Every structure is written in C-alpha cells, then in structure tokens.
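Student: According to my numbering, the sequence shown is numbered sequentially starting from -12.
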Amino acid sequence: MLSATGIAGRSALVTGAASGIGRATVLALARDGVRVVAVDRQPVDEVCAAVAARGGTAVGAVADVADDASVAAAVDRAVTGFGGLDIAVHCAGVVSETAIADLERPEWDRQLDVNLTGSYVVSRTVLPHLVTAGAGRLVLFSSIAARVGGVNSGAAYVASKGGVGALGKWLARRYGGDGVTVNMIAPGPVDSPMTHGRDYAPEGYPVPRMGTPDELAAAVVFLVSDAAAWITGHTLDVNGGIFMN
C-alpha cells in the first residue's frame, strides 16, 4: 500500500481493537500500510478479517491491558511477527457515571485499573521497543471528561483519565530524547458501543452531533505520522467544540 503519511511498512499495536475507536484505528492504520496487532479482551477476528479483505495485515491478540503478562505477550507478538514495534495506541477503556457518594471501592478500582494502570502497563511494555525503533510513536486516550470535570461520567472515570494526561506528559519529557513522541487524545462524546444508552444532547454542541470512531482514528493517524514528528506531550481535543482550549 502507498501512504501519504510516511507510515507504510511500520508496525503497530492497538488496544481496545474489537470495537469503537480501537477498531476504527486498526482499519485506518492498515489502510495506510501499517501492520497491526489488534488487542482486546474480546475476540478480534472480525476486524482482522476486515483488514485482510482490504489488502492489509492485522493479527489478533487477546489481552487484559491491566495484566502485565498478557500485554507483554501481545507486544511480543508484534515484535517477533513484524520484526519490531514502531507505534502503540492505547484505546482500551471503561466508563462509569457513578457519583462519588455512591462510588464503591471495586468500581473505583476497576476504572483506575483499566484506564490508568492499563496506560501504565501498555506504556511501560512498549517503550523499550519504541526507543529501538528510533522514531517511535505512543498515543494514549484521555477524555473531555478530564478537561471539564465530567461529561456524563463519574468521579472514577474523570480521575483515571486525568491521570492518563499527566502520565503522558511525563513520558513525553522522558522519552523525547530517544526519538519517541507521546501524545494524548481527549475525545468528546463519540457514537460507539461505550456511549450507547447514555443521555447526550449533541444538538447543543458547536458542531451539533456526536463524533465518529473514524474521526478519532484520523486524529491517531496524524499523531503517529511523520507530519507530527515535532509534537509531543500534547493533548489533542477532538470534541466538536464542546471544550475549546
């Protein structure tokens, strides 16, 4: 495949790949000639087949992003199968609307485990390989909720996504000298399985609709492309103007 972004022939790992933004990211990267390991707790056969049908390369790996061993196995699949790892995109996440007065410890722990600890585990595991690549790219997903204190989301979700933004900035400072960029994306409400059944009012947004997974995937492709080589430690707001920084 030919690529206008300069990423054809590179290899990537994408978490949360079975649906929503993660699935769209796998398809978008593969469309630009990237070989992808699609990671999720759920089977990823469908998205891998969709990539293959379009002439791309994607293999699946089942992993819990908060579990060191399963993440290491998924990363090893990329490194051994593709000869290295150039790009990592951590899309996996869970959301909760529970207010703090009703928030029990198990729910708090689950939000932090997947959203924040998962970001730590994925980052810690992929970064040595991104350094070896020489121009590695890491993208983590924060949220508009962390920017404004919640949009149909509870205390644990907001705290976990705020932590992702802070972690990403630290990583960007630490690894910039190694040629690795680390950036975050903070989506607004996106029409995906994670938001189905939740009460949004997009008619009041400056761009009066919810976002699409493809629009978030396009933001990922930009941040991992050669065009974004001098951008690091940045949180890219993709939210239809709900939050303007």
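Yeah, the Cβ is synthetic: ideal placement off N, Cα and C, and Gly gets one too. What you are looking at is a predicted structure, and each value in this text was computed from that prediction instead of being measured.
What does DSSP give as the partner residues of Arg22 in its beta bridges?
Tutor: Ser(-2).
Student: Kindly confirm or deny that the stretch 83 to 103 and the stretch 156 to 164 touch, where touching means at least three C-beta pairs closer than 8 Å.
Tutor: No: fewer than three Cβ pairs fall under 8 Å.
Student: From Val222 to Glu33, what does the alpha carbon distance come to, in whole angstroms?
Tutor: Note that residue 222 is Thr in the sequence shown here, rather than Val. Those two C-alpha atoms are separated by around 30 Å.
Student: Between which two residues does the beta strand (DSSP E) harbouring Val169 extend?
Tutor: Where Val169 is concerned, the enclosing beta strand (DSSP E) stretches over Thr168 to Pro174.
Student: Taking Cβ positions, are Val26 and Ala4 nearer each other than 8 Å?
Tutor: In this structure, Ala4 lies closer than 8 Å to Val26 by Cβ.
Student: In terms of DSSP beta bridges, what is Ile74 paired with?
Tutor: DSSP output for Ile74 lists Ala(-1) and Arg124 as bridge partner(s).
Student: With Ala17 and Ala204 assumed to form a contact (beta carbons below 8 Å), what rounded beta-carbon distance in angstroms separates them?
Tutor: The Cβ separation is near 11 Å, so there is no contact.
Student: Which class does Leu16 belong to by DSSP, given the choice of helix, strand or coil?
Tutor: Of the three classes helix, strand and coil, the one that applies to Leu16 here is helix, per DSSP.
Student: How far does the beta strand (DSSP E) with Val58 in it extend, from its first residue to its last?
Tutor: It is not in any beta strand (DSSP E) - Val58 instead sits in the alpha helix (DSSP H) that spans Asp55 to Phe69.
Student: Taking contact to mean at least 3 C-beta pairs separated by less than 8 Å, is the stretch 124 to 131 in contact with the stretch 146 to 154?
Tutor: With a cut-off of 8 Å, the stretch 146 to 154 and the stretch 124 to 131 count as touching, because enough Cβ pairs lie within range.
Student: May I ask which residues mark the beginning and end of the alpha helix (DSSP H) holding Asp96?
Tutor: From DSSP, the alpha helix (DSSP H) with Asp96 extends over Arg92 to Gln98.
Student: For a test of the three-state rule: what should DSSP assign to Gly(-7), helix, strand or coil?
Tutor: Note: Gly(-7) maps to coil in three-state DSSP.
Student: Could you check whether the stretch 215 to 232 touches the stretch 169 to 177, counting it as contact only if at least three pairs of C-beta atoms, one from each stretch, sit closer than 8 Å?
Tutor: The stretch 215 to 232 is in contact with the stretch 169 to 177.
Student: Which of the three DSSP states is assigned to Ala5 in this structure?
Tutor: The answer is coil: DSSP assigns Ala5 none of H, G, I, E or B.
Student: Apart from the five residues just before and just after Ser57, which ones in its own chain have a Cβ nearer than 6 Å to its Cβ?
Tutor: Excluding positions up to five away in sequence, the list reads Ala50 and Asp51.
Student: Based on Cα-Cα distance, which residue from Gly123, Ala48 and Gly(-4) lies nearest to Asp63?
Tutor: Nearest C-alpha to Asp63: Ala48.
Student: Give me the Cα-Cα distance between Cys78 and Val13, rounded to the nearest whole angstrom.
Tutor: Roughly 10 Å between the two C-alpha positions.
Student: What first and last residue would you give for the beta strand (DSSP E) that runs through Val49?
Tutor: Taken as a continuous stretch (DSSP letters only), the beta strand (DSSP E) holding Val49 covers Ala45 to Val49.
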